[in-house]
Every structure is written in C-alpha cells, then in structure tokens.
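S.K.: According to my numbering, the stretch in the sequence shown is residues 529 to 1105, in order.
Sending over a structure as structure tokens; questions will come in a sec.
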Amino acid sequence: MSDMKSFQEFEQLLDDHFGRLESLKYDANAALALVSNIQELAASSIETFGLAASLAHGVTILASHLVSGKEGPPPDIETLMSDLSFCVNYFSLRELLYYSYNVPGAVEWTFEEGKVQVRYADSSLPRQFYTIWNEHLELSREMFASSTYVETARALLKGEAEGQISQNVEAASLQIDQEVDQKLNAYFSILDPTSSADLGGYTYAEFVTIYRFMLGNALYHRRFGEANDQVGAIFIEYDELLNDLEVGTGLPRSRIASALDDMVFDVAKHREKLDASYFSLMREGAGTRRIVLRPVDFTIHEGLVNVLRVVAIRRPQLFLRNVSGELGVGFVARVKAAFEAAGFRCLTEISLSQFDPQLADIDLLVICEEPTLGYVLFVCELKGPIPPRWAKDQLKALRQDGVSKAFRQSEAIQKFLSTPAGIGAMKSWLPPDNPPLFESFVLVVEPLIVTSDNAGMFFGDEKTPIANFRTIERLLKASDGDTAFIQHVIHTYNKEVDKIINRVVAKTEFAGIVVEYEGVADSPIMRFPQQSWRNSEERQAMIDAFLADGAHPFDTVDLDAKEVPPGTILIAFKNGS
C-alpha cells in the first residue's frame, strides 16, 4: 500500500475489491428480494429511515447483479449486509472519484501506509450537498405541516385484510388520493401534466396518468404495511401489472409498456449503461421476471423527473426536439411566478439582438420598485431544468452548454447594460404607470443565475450570484417583497451556509487499508425569517418620514461605493434623460 500514489490506483483497488464480493455469487433473484425487503423494513421506522437512504446507495451499486438473473447459492444475510455496507461507501467514493477526474483540485487525496484520506478542497461541494438536504427537509416540512391524511389512512387500514375492499379501505383510498396530490404538487415537475410531448411511444400526459396510478398503489401498500406491521417489497408479474394499469388508466397496453420500459431497471438498462439510481422499480432477470416494487422507495423517488432523465439519455434527439424547449419555457414561468407572488413586476425573454447579435436574451427581468431609491432590477439567467441525480449528472453543469455558460452570458449582459445603449434599454423597461417619486433616482442592477439544482457547485470563484430555485422560492415567500432582504440573503448565502454546515469524516476499511473520506451530515436548518414589509405600516411610515425630511434617493446609496457586490451596477437617472 505504500506504493499507492494516486486516486486512479485507488479506484482500481476499489473496483477489484467490488469484483470479489461474495454477494456477486449469490442467486440474483433471491438477493434482489432480500435487499429489497431489508431496505423497506429500514424505511418503515423513523429511527432507521436514514439507514434505508444509505442502503439505497448500496443497492444502486449492486443493482447490475441483482437484476442479472444469475443462479447461485442463497444469500447469507450477514455477508450480504456487509457487502451492502461496502457498496454504500463505494457509492460515495465513486462520487469523489468523478469529481477528481473532472474538476482537478476539487478533492484532495492523501496516501499513507495502509491509509487513504479524502477531503473536499472546493467548499462549493459540501455547500451544494447542504443546500439540497436543507431544501428537501423544508419542502417536506411544508408538505406535511397541516396534513392529517397519513395518520387517518393508517387508522382506517389497521386490521383490514390486504386485497379486500371494505368501507374503511375505500375511505383510506380518499386520504391516499390527497397524499398523491400533495406529492405530485411538491415534486419537481416543470412540464404541464397535460403536456402532449412525445417521450417515445407515450406522451408526458400519459406517463403522469400511469405514474399517478402507481404512486397511489405504492402509497396504499406503504400505509397498509405501516398500519399492520406487514412491511416489505411487492413482487408483481409483468403481465399482471400491465393488466392493472390498463384497467386503472384506460390507456392502450402498448403505450403503458413503453412507459414502463423507461421506469424499470433491468439487465437491458444495465447494458445501456444507465445508472440504477434513476429507477425505483427493478425487474428480476430470471424465472417469470417479476417487477419488484419497494413501496417506500417508490413514493420518495420523484419519478416525474427521473423518467425525463432516462428519456434524455436513451433518446437524446427526441428529448431535445420534443421536451427541452417546453422545459425551459416552463422553468422561466415557474421562477417568474415566484417573483410575481412576492409583488414584483417581471418581463421574460427580452431580446438584445438588435444591439448585438452575440448577446443572449435576458431570460427573466424582475423589476422591484423602491419609493425611496428608484428601482432594483434582478437580471436573471435560468439554467438546468432537469436537476441531477448523482455526480455524473452534476458534472454536466461544466459542459459548454451547461450552467457554466450562464456565467459568461450574464457577464456579457452586465457589460452591455453598463453602456449608453444598455442604460437606454433599461430605461425603456421601467413601468410607465408608476413613475418614481423623485426627478432623479437610482437604478440598481443585480445579476442572478437561477438553476433547478446547482447552488454554485464547481463555481465558487465566480462573481455572479447563483441560487437553487427552491431556495429562491422560499426566500421570496419569506421576504414579503422586501428587496433589501432578498439582496442581503443572496449575497451572504454562501458565507452563512459555511458557518453552520456539518462536515464529517466517514471511515471504512477494505483490502487491508483504512479509508477516511469527507461528507456532510445533518446540520442546523437554514430558514429565512418571515418579513413584514410590503403592506406594513412601518414601511409607509418610513416612506412618509423620508419625504417629510426632504431626503433624496442619492442619500441612500453611495454611487462611488467601492464595496458594491461584484456584478452589481449603480446608475443615477434623471426623469426624461
């Protein structure tokens, strides 16, 4: 081990150890059944739910064998659990290896005799992991804050016979329908659920119909199992599943089969080199090749976006032709709606080609009217309508057409807006129906990149602020239209996250070496304090006092300030000029 000097050598050692796992010799169907039931059992208790999430990563690594249909001895549960534990670590180390190959310097590797240490060198990585964790928790808290349908469904299903229709089961189904609605509303779904976009043998609307039916069934099995201590995976004959979906959705069998082909991980998907993390449903590789449904896993898997990932990889040209444009338009509309709900005016798809054909359109311009100042304009570039699932997806942000492009576009737009032509264009965008209170006023231009997921991962050295759209949505809800509060949070977010993030070191041992690698553990939750601003008496009193004192917008800001945030532009305007 003293000769190991690079992460490439470490990767080879990792792969070699994986290839020797005893679990790869076990009967694949039996191993698939066992790990599926173990994962569901862990997920059924709040105390072990985190273990279930970790096991899901291990199942992803082991999935190619689990669906292979290979024959072998029955699995030994202790050995299988030990191998799954290794696969959980393998998943995390695989992520770090991908970052190391593609972003030199993002991860630091140290090799000693019998020991490997891996640490984040780029703080934007743990910041990203924290942001996604925090947004997930806050979304879940909001989703279940005032709901009673889960406990009601459990109470109604307790003591019922599975598969039998009774008055209680029918009543529970109505409660489960509410949970389905809540989940579908909370999931990342930019496309209109009635969209006729062809995904390849079925439309998006047809997929939503199929997925909704399956989500309802999975939630029924989940709540029934919790109520009656009958937790576990469900094994369904493929033709039986097709029949149920045909009856339940009224859709043609061939279109259901096409959709299922994009929802189920099997040996064919492994041959296509699709990552198992995109799938919740798995299919046995031998015998009658049943579909394995893990009810808890399925109900937290966000299948709406996962199927888009699969379609984009399997049929990229079709996705580009039928889906990509609609996703982009929908994403702009989603972010625009969040700003409008906070009371701001918005313009979208502003073309700048008449000034310079090389300039990109402004995706979203947010106009914040500030009576004692003038205006604050958020000039927003929007990127990445499909959030990533794992490292290989996250690294797409660095591609020429990825998130990295948004920074260059934003910089070019900011440069243009500083020119006389740009200043004139901005003047024309200001609302004519509510002119400023003063003859001379200030225009503050704030660049902002909004993404579906990326909170600055790999872009720690960039000057333009970047934010996850869910963070922006939460911020706008809390702001009550307080522009200064929004600006403050956007410009200080990274610093505040770095103060509270809990970076920990995980430790594992294999092949005679000890490996310590860094990760992010549960940390303090970041919530934005609710503001009272737009309709508050204090705001109007402040404006009245400002006017009564004879103050002027130029008194509120130093136009020659040297500590203006990077990218921010301050412009002094005079009405009519």
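Using N, Cα and C, we set each Cβ at its ideal position, and we do this for glycine too.
All of these numbers come straight from a predicted model, not from anything done at the bench.
Buried or exposed: which applies to V1032, given that a residue is buried once 16 or more other Cβ atoms fall within 10 Å of its Cβ?
M.R.: The count along the sequence shown starts at 1 and reaches residue 1032 at position 504. By the 10 Å Cβ count, V1032 comes out exposed.
S.K.: Going along the chain, which residues of its own chain have a beta-carbon closer than 7 Å to the beta-carbon of F944, five neighbours each way excluded?
M.R.: To locate residue 944, count along the sequence shown from 1; it is residue 416. Excluding residues within five positions, the ones whose Cβ falls inside 7 Å are L880, F883, D884, L887 and G950.
S.K.: Tell me which same chain residues have a C-beta within less than 7 Å of the C-beta of L788, skipping the five on either side of it?
M.R.: Working through the sequence shown from its first residue, we reach residue 788 at position 260. Correct list: empty, nothing qualifies.
S.K.: Give every residue of the same chain whose Cβ lies closer than 7 Å to the Cβ of Y618, excluding the five residues on either side of it in the sequence, and list them in chain order.
M.R.: On the sequence shown, position 90 is the one that residue 618 refers to. Cβ neighbours of Y618 beyond the five flanking positions: L542, F546 and I589.
S.K.: Based on the DSSP secondary-structure assignment, which residues constitute the bridge partners of Y648?
M.R.: Here residue 648 refers to the residue found at position 120 when the sequence shown is read from its first residue. BP columns for Y648 point to V635.
S.K.: Give a yes or no on whether 8 Å exceeds the smallest Cβ distance from Y748 to chain C.
M.R.: Of the protein chains in this structure there is only one, and it is not chain C.
S.K.: Is L848 buried or exposed, if buried means 16 or more other CB atoms sit within 10 Å of its CB?
M.R.: The count along the sequence shown starts at 1 and reaches residue 848 at position 320. Counting Cβ neighbours within 10 Å, L848 comes out exposed, since fewer than 16 surround it.
S.K.: Are the region 1000 to 1014 and the region 869 to 879 in contact at 8 Å, needing three or more beta carbon pairs?
M.R.: They touch, by the three-pair rule.
S.K.: Mapping DSSP to helix, strand and coil, what is Y739?
M.R.: The sequence position of residue 739 within the sequence shown is 211, counting from 1. DSSP places Y739 in helix when its eight states are reduced to three.
S.K.: Only counting the same chain, and skipping five residues up and downstream in sequence, which positions put a Cβ closer than 7 Å to that of V978?
M.R.: As a first step, residue 978 must be located in the sequence shown, where it is residue number 450. Excluding sequence neighbours, V978 sits near V863, C908, L910, A995, F997 and I1000.
S.K.: If we require 4 or more residues per run, which alpha helix (DSSP H) segments fall completely within the region 835 to 913?
M.R.: You should have 844 to 847 and 853 to 869.
S.K.: Between F752, S674 and A699, which lies nearest to G687 when the distance is taken from Cα to Cα?
M.R.: Within the sequence shown, the letter at position 159 stands for residue 687. Comparing Cα positions, the closest option is F752.
S.K.: How is A919 classed by DSSP in three states: helix, strand or coil?
M.R.: To locate residue 919, count along the sequence shown from 1; it is residue 391. Helix at A919.
S.K.: Got a sec, what are the start and stop residues for the beta strand (DSSP E) A1034 sits in?
M.R.: For this step, residue 1034 is matched to residue 506 along the sequence shown. Here the beta strand (DSSP E) through A1034 covers N1030 to F1038.
S.K.: Using only CA atoms, which one of P948, T1011 and E1065 lies nearest to E897?
M.R.: Mapped onto the sequence shown, residue 897 falls at position 369. Minimum Cα distance to E897 is reached at T1011.
S.K.: Per DSSP, what kind of secondary structure is L549 in: helix, strand or coil?
M.R.: Numbered from 1 along the sequence shown, position 21 holds the residue referred to as residue 549. L549: coil per DSSP, three-state reduction.
S.K.: Under a three-way DSSP split, which group does I994 fall into?
M.R.: One-based indexing of the sequence shown puts residue 994 at position 466. If DSSP states are grouped into helix, strand and coil, I994 belongs with the strands.
S.K.: Alpha carbon to alpha carbon, how far is F1038 from V759?
M.R.: Working through the sequence shown from its first residue, we reach residue 1038 at position 510. Working through the sequence shown from its first residue, we reach residue 759 at position 231. So the alpha carbons of these two residues sit roughly 33 Å apart.
S.K.: May I ask you to report which of helix, strand or coil DSSP gives F535?
M.R.: On the sequence shown, residue 535 is found 7 positions in, with the first residue counted as 1. Here F535 sits in helix by DSSP.
S.K.: Here's a check: name, in chain order, each residue in its chain whose Cβ is nearer than 8 Å to the Cβ of P602, leaving out the five neighbours to either side.
M.R.: For the purposes of this step, residue 602 is taken as the residue at position 74 of the sequence shown. So the list reads Y554, D555 and A558, once near-sequence residues are dropped.
S.K.: Please state if the CB of F716 and the CB of E830 are separated by a distance shorter than 8 Å.
M.R.: Taking the first residue of the sequence shown as 1, we reach residue 830 at position 302. Taking the first residue of the sequence shown as 1, we reach residue 716 at position 188. Yes. Within cutoff.
S.K.: Where do the N-terminal and C-terminal ends of the beta strand (DSSP E) with S968 fall, by residue?
M.R.: Walking along the sequence shown from the start, residue 968 turns up at place 440. Where S968 is concerned, the enclosing beta strand (DSSP E) stretches over S968 to T979.
S.K.: Taking only the alpha-carbon atoms, compute the straight-line gap between S946 and G858 and give it to the nearest angstrom.
M.R.: As a position in the sequence shown, residue 946 is number 418, starting the count at 1. As a position in the sequence shown, residue 858 is number 330, starting the count at 1. Computed Cα separation, rounded: 30 Å.
S.K.: Should T816 be labelled buried (16 or more other beta-carbon atoms within 10 Å of its own) or exposed?
M.R.: As a first step, residue 816 is located in the sequence shown; it is residue number 288 there, counting from the start. T816 comes out exposed.
S.K.: Would you check if the distance between the CB atom of A733 and the CB atom of S723 is smaller than 8 Å?
M.R.: In the sequence shown, counting from the first residue as 1, residue 733 sits at position 205. In the sequence shown, counting from the first residue as 1, residue 723 sits at position 195. It is a contact, given that the beta carbons lie within the stated cut-off.
S.K.: In terms of residues, what are the limits of the beta strand (DSSP E) holding G1047?
M.R.: Taking the first residue of the sequence shown as 1, we reach residue 1047 at position 519. Element bounds for G1047: I1041 to A1049.
S.K.: Three-state secondary structure (DSSP) at K643?
M.R.: Counting from one through the sequence shown, the residue named residue 643 turns up at place 115. Residue state, collapsed to three classes: strand.
S.K.: Report yes if the CB atom of V795 is closer than 8 Å to the CB atom of S582, and no otherwise.
M.R.: Reading the sequence shown from its first residue, position 267 is the one you call residue 795. Reading the sequence shown from its first residue, position 54 is the one you call residue 582. Their beta carbons are not under 8 Å apart, which means V795 does not touch S582 by this criterion.
S.K.: Compute the distance between the beta-carbons of I762 and L809, then report whether it is under 8 Å.
M.R.: Translated into positions along the sequence shown, residue 762 becomes position 234. Translated into positions along the sequence shown, residue 809 becomes position 281. No.
S.K.: Would you report the Cα separation of W661 and Y806, rounded to the nearest angstrom?
M.R.: Residue 661 sits at position 133 when you count from the first residue of the sequence shown. Residue 806 sits at position 278 when you count from the first residue of the sequence shown. Spanning the two alpha carbons is a distance of roughly 18 Å.
S.K.: Return the residue from the list V587, F639, A983 and N696 that minimises the CA-CA distance to F614.
M.R.: Translated into the one-based positions of the sequence shown, residue 614 becomes position 86. Considering only alpha carbons, the answer is V587.
S.K.: What's the C-alpha gap between D981 and R927?
M.R.: In the sequence shown, counting from the first residue as 1, residue 981 sits at position 453. In the sequence shown, counting from the first residue as 1, residue 927 sits at position 399. Whole-angstrom Cα-Cα distance: 15 Å.
S.K.: Compute the distance between the beta-carbons of I1029 and P654, then report whether it is under 8 Å.
M.R.: Taking the sequence shown and counting its residues from 1, the one referred to as residue 1029 is at position 501. Taking the sequence shown and counting its residues from 1, the one referred to as residue 654 is at position 126. Yes; because the gap between Cβ atoms is below 8 Å, this pair is in contact.
S.K.: At the level of alpha carbons, what is the spacing between S674 and R799?
M.R.: Counting from one through the sequence shown, the residue named residue 674 turns up at place 146. Counting from one through the sequence shown, the residue named residue 799 turns up at place 271. The straight-line gap from Cα to Cα measures roughly 45 Å.
S.K.: DSSP three-state call for D726: helix, strand or coil?
M.R.: The sequence position of residue 726 within the sequence shown is 198, counting from 1. In the structure shown, D726 sits in a strand (DSSP, three-state: E or B).
S.K.: Please list the terminal residues of the continuous alpha helix (DSSP H) segment that includes F944.
M.R.: Sequence index remark: in the sequence shown, residue 944 carries index 416 (1-based). That run of the alpha helix (DSSP H) goes V931 to L945.
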